[in-house]
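Student: So in the numbering used here the end of the sequence shown lands on 1309, straight run, no missing numbers.
Positions of the beta carbon are idealized from the N, C-alpha and C atoms, including for glycine.
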Amino acid sequence: MAFVKDMLRMWAHSWKRFISIAMITLLGVAVLTGIYAGCRDAFRSTDRFFDAQGLHDVQVLSTAGLSNGDIAALRKVNGVAKVQAERSQEVTFDLDGRKSATMQEIGTNGIDQPYLQEGRMPKKAGEIAVTRKFIRDSGKRIGSRLTVTPESASSDTSDTNDTNGADGTNETNGTDEAPSFPTKLTIVGVVLDPQNLSNPDGYSAMTSFRSTATTDYTFFAPSDGVTGTLYTSATLLVKGTAAESTFDESYENTVKQVTDRIDGTVKTDRQKARRQELLDAGNKKIVDARAEADKKFADAQSQIDANRQQFNQQVDQIVSMQAGAAAAGAATNGANAGAAAAAGATTPQLDETTRETMRETIIAASPELTQAKQQLDQAQSQLNEQKASTEQTLKTKENELKTSIPQVRWYVQDRQSLGGFSALKSDLDSIQSLGNAFPIVFLLVAVMMSLTAMARMVEEDRSLIGTYVGLGYGRLAVASRYLLFALLACLIGGGLGLIAGFLGIPAFLLVVLQGMYVMPGLRLEYDWLYGSLGIALFVVGVLAATIYACVQEMRQTPAALMRPKAPRAGSRILLERIRPVWNRMGFLGKVTARNIFRFKSRLIMTVGGVAGCTALIVCGLAINDTVADLGIKQYRDIYQYDLMVVSDDSDASAMRTKVASDGRVTSSLDVRIESGDLTVAGSGDGDSGKAGSSGSESIQLVAVPEKHLSNLGEMVTLQPVSSGILGTSGVGKTGSLKLDDDGVIVAQSAASALGVKAGSKVRLTNGDGVQATAKVSAVNRNLIGSDVYVSETYYAKLFDSKDAKNTKNSKSSKDSEALTWNAMLAKLSGSDASQTDYAESLEEDSSVMKAVSCAHMADSFKFDLMGAVVALIVALAGGLALVVLFTLANTNVSERVREMATLKVLGFFDREVHHYVNREMMILTVMGVILGLPLGRLVGGMLTMALNMPSLYFEVEVKPLSYVIAAVATMAFALLVQLFVNPVLDRIDPISSLKSVE
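Structural data, given as structure tokens:
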């Protein structure tokens, strides 16, 4: 019982150490669990929402639309739980200029169901539900009416085949009709699209040019009033995915098994079958057209024949009359009157030659008959020409049918292709990666401080330990006094850390997240396993340090323990050997220098602890500086152009004419921009950037005209980059990189995420879904977006179905096979504000699909979630620095109580004692800051590996002001600690402190 009372008394006396260990554990557990818990809560709530709304696992699109046969084939795929055929139509309407929207049919099979936020779901034809973004932009409300206009079909139409390019939504054949929605609409509800959780009322995580084919809004309509048997897409749910988290690798593997099956035989067979349907429909149209033409020609021929027969009858009557009259005249000149009478009563018989001669004579003698004959002959000639022309046209169409109908292509996509889903996942993954990295530093500092505190605590009880051991107490029982002390401090600190980690920090992160995304049903949850492991990790570390401290002392005999520890033998320090410096130092300076460098353990602990905390602060500020400069570096340094304008292929010429007529462009470059994919297969054969690496990245494929390859460097800064150690990269000389016909130039942001380097082989997918294996000739410095630059010749070599063509001699290429330059990179005159206004005005033009001002992008780029995490990390690092300095200062004082008492006996005033002790701590703090600043920069430079996000490369930069802030903050914490240490020095009693242990 006395042992326990003494133990409790010892614990109460060491309350400062207890608080230090508890606070370090609190901060460490909070960092370890807080960021993880915030991201996990967001992941779980989003996953529950996706399951409740039936967000599709797989989406299938086709360049020719999907038929009932396609849907039936998808239902038969092993592993598919549900298939929903969807119809949609792009429409336009007037809302402060021309705006576009996608009319989306609400599925009846429970897939991709919009989440009702206000009003009710549409049920009747003409009723729609809109997103909150539309309500905010338009100022309309529930009950408002809206009239839309369907976007026109492709301008390239014919009698036998109608194609609409990429999506096939306006393509029809003999039996299928494109979807058609009502045009007079009434808003009855406000919904959240599960495919896009972006918060329109909050702040945007980032602003960048992603795709050239998205519409401004989505309108949801019921099946009532929707016509057409051709489907825009098919959405699928995969068996077993509802029980898995959509953000886990197991979910991706389950979905991939199904997509691989679809990509295998189903995709190929249905592409061929669908094209054959289009061919059959075209042939049927030709047959029907020939039959209809033959019928019309037959009717016309019958009419001409009837008219000619009537004409011939008239002429024959005249011929008969003239022949009869001639015969009667010959009879009156004869001798027998009876013979004359008989001759007058009978028409003479004429041979065919004579009759034909008389016909021609009669027709030639009569202008009316001549004109009638000419009209009949002309009609016959025109009919013959029409028959020949129609037949030739139909034969030509028969010959051209196979070439005019392109190969049907399917696009099999998973949730990663959804911009809203991939943005949310990449944001949370990046924050979670930080949450996995920073606790390591906290753990190391916690172990160091625990070792320092507990070693001093054991050393202070040295004689008491010897007494207990001498009285027969076991070493384990004696050590338990300190082990239980450390364990209790860890458990209390860890418990408070769990409260902060699963409530405080997640609540803060989720407030920031909800400003970026709408996540219904979001709630805070506790993870017993992770929380317990978090505490256990720090408990093991602190107890290990305590055990080490106990073992170091208890190895001695009880007699040795009960005697005071012999002072360390005096020794010279290195500075004493530098006579010019040492001789000019004062007495207190020499004492300070000896105290600092003779006690190396205290030196290492103090400098290491302060350096670690300073490095954390610098690292956090490095993230902030890096993110703050991303937009400026990308849109002002890398992109030299001021404006990017993109149009539809059919409007490309009109777009260039519009921009040229405005007179704002000083120089420009016509290019072709397509949204595609870059894929690296995990083959391990050395062709990819990394052996065994794999992954896919959405890219912006930029094709450059062959004659203007050298002009690309005037619009985009071309700088080759190479991979360095620890995720760093080396940047080459500006202008040393040229685009040629030997490969593609890949943006650094995509190359870093996929492990691609110069010489790698990658698989590119262009805007039409055509895939080709390309060689990477170089990696270009690029921070935002994933641009891939390709020459016109290399593009033709990669994606032409026939042999590559020499596009340098463009006259030899067929017009139908030449690239359409659907975009323009331009430099503008005027201020940044005027350039932004000009880009906004261009978007209102009907020929412009998208206009992007680099000045606006540079000013508006934000990454608010990362900024919030940086603020959190800097605050926690500052708290850790304060606790570390407090622990070290108190340990320093407790070790030197007799020394401080001696100084007081020698006549030192309290202020002089303060200065004597605090000067050592300030020097050690300065040494820690000097070491921590470059260490923070080194750790910050490794963030590129941790923050591996799609379409973003973090080119780490630390501004001088950040170094100053980190140093000043650490020094301020050191001064603050002095305010707590000085009263302790004042309370030292020289008499009791200098008593001998014996």
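Let me make sure I understand the geometry here. Which of K1270, V502, V1237 has the alpha-carbon closest to that of A1278?
Tutor: What you label residue 1278 is simply residue 967 of the sequence shown in a count that begins at 1. Comparing Cα positions, the closest option is V1237.
Student: Is the beta carbon of F361 sitting closer than 8 Å to the one on T557?
Tutor: Within the sequence shown, numbered from 1, the residue matching residue 361 stands at position 50. Within the sequence shown, numbered from 1, the residue matching residue 557 stands at position 246. Closer than 8 Å, so yes.
Student: In chain order, which continuous runs of the beta strand (DSSP E) of length 3 or greater are located wholly inside the stretch 560 to 585?
Tutor: Taking 3 residues as the minimum length, the stretch 560 to 585 contains no beta strand (DSSP E) run wholly inside it.
Student: Helix, strand or coil: how does DSSP classify E1266 here?
Tutor: Position 955 of the sequence shown, counted from the first residue, corresponds to residue 1266. Looking at E1266 - three-state DSSP - the assignment turns out to be coil, as it is neither helix nor strand.
Student: Quick one: Cα of L1263 to Cα of S1060, how far?
Tutor: To locate residue 1263, count along the sequence shown from 1; it is residue 952. To locate residue 1060, count along the sequence shown from 1; it is residue 749. Distance between the alpha carbons of L1263 and S1060 is about 5 Å.
Student: Going by the CB atoms, is the gap between V1228 and L1296 shorter than 8 Å?
Tutor: If you number the sequence shown from 1, residue 1296 lands on position 985. If you number the sequence shown from 1, residue 1228 lands on position 917. Closer than 8 Å, so yes.
Student: Who are the near neighbours of G1239 in its chain, counting only those whose CB is closer than 6 Å to its CB and skipping five residues on each side?
Tutor: Taking the first residue of the sequence shown as position 1, residue 1239 is located at position 928. Around G1239: V918, V921, A922.
Student: Let me confirm a value: H1167 is counted as buried when at least 16 other C-beta atoms fall within 10 Å, else exposed. Which label applies?
Tutor: Sequence index remark: in the sequence shown, residue 1167 carries index 856 (1-based). It is buried - the Cβ of H1167 has at least 16 other Cβ atoms within 10 Å.
Student: Does DSSP put A436 in a helix, in a strand, or in coil?
Tutor: Position 125 of the sequence shown, counted from the start, is the residue given in the question as residue 436. In this structure, A436 counts as coil in the three-state DSSP scheme.
Student: Hey, could you find the ends of the beta strand (DSSP E) S373 is sitting in?
Tutor: Numbered from 1 along the sequence shown, position 62 holds the residue referred to as residue 373. Counting along the chain, the beta strand (DSSP E) containing S373 begins and ends at 369 to 377.
Student: Indicate the three-state DSSP secondary structure (helix, strand or coil) for E482 in the structure shown.
Tutor: Counted from its first residue, the sequence shown places residue 482 at position 171. Only weak support exists for where E482 lies, its pLDDT of 41 falling under 50; the value from the coordinates is given anyway. Looking at E482 - three-state DSSP - the assignment turns out to be coil, as it is neither helix nor strand.
Student: May I ask you to report which of helix, strand or coil DSSP gives P1294?
Tutor: Walking along the sequence shown from the start, residue 1294 turns up at place 983. Taken through DSSP and simplified to helix, strand or coil, P1294 comes out as helix.
Student: Return helix, strand or coil for F404, following the three-state DSSP convention.
Tutor: The residue you call residue 404 lines up with position 93 of the sequence shown. DSSP places F404 in strand when its eight states are reduced to three.
Student: Tell me the rounded alpha-carbon separation between N710 and S700.
Tutor: On the sequence shown, residue 710 is found 399 positions in, with the first residue counted as 1. On the sequence shown, residue 700 is found 389 positions in, with the first residue counted as 1. Roughly 15 Å separates the two Cα atoms.
Student: Please confirm whether V769 and Y779 have their CB atoms less than 8 Å apart.
Tutor: Here residue 769 refers to the residue found at position 458 of the sequence shown. Here residue 779 refers to the residue found at position 468 of the sequence shown. Their beta carbons are not under 8 Å apart, which means V769 does not touch Y779 by this criterion.
Student: Classify F910 as helix, strand or coil using the three-state DSSP reduction.
Tutor: Locating residue 910 in the sequence shown gives position 599, counting from the first residue. Residue state, collapsed to three classes: coil.
Student: Does the stretch 372 to 388 touch the stretch 579 to 586, meaning 3 or more C-beta pairs lie closer than 8 Å?
Tutor: In short, these stretches touch, since the Cβ pair count reaches three.
Student: Using a 10 Å radius around the Cβ and a threshold of 16 neighbouring Cβ atoms, would you call D574 buried or exposed?
Tutor: Indexing the sequence shown from 1 puts residue 574 at position 263. Exposed.
Student: Could you spell out the range, first to last residue, of the beta strand (DSSP E) harbouring D981?
Tutor: One-based indexing of the sequence shown puts residue 981 at position 670. Segment 976 to 991, the beta strand (DSSP E) holding D981.
Student: Going along the chain, which residues of its own chain have a beta-carbon closer than 7 Å to the beta-carbon of Q400, five neighbours each way excluded?
Tutor: For the purposes of this step, residue 400 is taken as the residue at position 89 of the sequence shown. For Q400, where only same-chain residues beyond five positions count, the Cβ hits under 7 Å are M414, P461, T480, P490, S491, F492.
Student: Quick check: what's the CA-CA separation for K316 versus A323?
Tutor: The count along the sequence shown starts at 1 and reaches residue 316 at position 5. The count along the sequence shown starts at 1 and reaches residue 323 at position 12. Approximately 11 Å between the Cα atoms of the pair.
Student: Roughly how many angstroms lie between the CA atoms of M1282 and V1267, to the nearest whole one?
Tutor: Translated into the one-based positions of the sequence shown, residue 1282 becomes position 971. Translated into the one-based positions of the sequence shown, residue 1267 becomes position 956. Those two C-alpha atoms are separated by around 25 Å.
Student: Could you please give me the residues that DSSP links to K1072 through a beta bridge?
Tutor: As a first step, residue 1072 must be located in the sequence shown, where it is residue number 761. Answer is K1086.
Student: Under 8 Å between the Cβ atoms of N594 and L712?
Tutor: Here residue 594 refers to the residue found at position 283 when the sequence shown is read from its first residue. Here residue 712 refers to the residue found at position 401 when the sequence shown is read from its first residue. Contact flag set, yes.
Student: Kindly list the residues whose CB is nearer than 6 Å to the CB of L1023, restricted to its own chain and excluding five residues on each side of it in sequence; keep chain order.
Tutor: Start at 1 with the first residue of the sequence shown, and residue 1023 comes out as number 712. Closer than 6 Å at the Cβ level, and outside the excluded window around L1023, lie V1015, L1050.
Student: With DSSP collapsed to three states, give me the class of G1141.
Tutor: Numbered from 1 along the sequence shown, position 830 holds the residue referred to as residue 1141. Coil, per DSSP.
Student: Measure the beta-carbon distance from A384 to K550 and round it to whole angstroms, keeping in mind my assumption that it falls under 8 Å.
Tutor: One-based indexing of the sequence shown puts residue 384 at position 73. One-based indexing of the sequence shown puts residue 550 at position 239. About 17 Å; that fails the 8 Å criterion.
Student: For the ligand NAD, is there a heavy atom less than 7 Å away from the beta-carbon of S1273?
Tutor: Judged by which ligands are present, the structure shown has none, so any question about the ligand NAD falls away.
Student: First and last residue of the beta strand (DSSP E) that includes F530?
Tutor: Counting from one through the sequence shown, the residue named residue 530 turns up at place 219. Run containing F530: 528 to 532, per the beta strand (DSSP E) assignment.
Student: Give the C-beta separation of S843 and I332 to the nearest angstrom, bearing in mind that I take them to be a contact with Cβ-Cβ under 8 Å.
Tutor: Within the sequence shown, the letter at position 532 stands for residue 843. Within the sequence shown, the letter at position 21 stands for residue 332. Rounded, the Cβ-Cβ distance is 19 Å, inconsistent with contact.
Student: When the Cα atoms are used, what is the spatial distance from E482 to D405?
Tutor: As a first step, residue 482 is located in the sequence shown; it is residue number 171 there, counting from the start. As a first step, residue 405 is located in the sequence shown; it is residue number 94 there, counting from the start. Confidence at E482 is low in this model, with a pLDDT of 41, below 50, so the placement of that residue is unreliable and no value is reported for it.
Student: Taking Cβ positions, are T494 and V459 nearer each other than 8 Å?
Tutor: The residue you call residue 494 lines up with position 183 of the sequence shown. The residue you call residue 459 lines up with position 148 of the sequence shown. Yes. Within cutoff.
Student: Suppose you measure from the CA of I673 to the CA of T704; what does that come to, to the nearest Å?
Tutor: Residue mapping note: residue 673 aligns to position 362 of the sequence shown, counting from 1. Residue mapping note: residue 704 aligns to position 393 of the sequence shown, counting from 1. Using only the alpha carbons, I get a separation of about 41 Å.
Student: Write down the C-beta distance between G532 and P433 rounded to the nearest angstrom, noting that I regard them as a contact closer than 8 Å.
Tutor: Numbered from its first residue, the sequence shown carries residue 532 at position 221. Numbered from its first residue, the sequence shown carries residue 433 at position 122. Strictly speaking, residue 532 in this sequence is Ala, with Gly absent from that position. Confirmed, about 6 Å.
Student: Going straight from the alpha carbon of M669 to that of D599, what length do you get?
Tutor: Position 358 of the sequence shown, counted from the start, is the residue given in the question as residue 669. Position 288 of the sequence shown, counted from the start, is the residue given in the question as residue 599. Looking at the two C-alpha atoms, the distance is approximately 46 Å.
Student: Take the Cβ of V822 as the centre, count every other Cβ of all protein chains shown within 10 Å, and call the residue buried at 16 or more, exposed below.
Tutor: Numbered from its first residue, the sequence shown carries residue 822 at position 511. Result: exposed.
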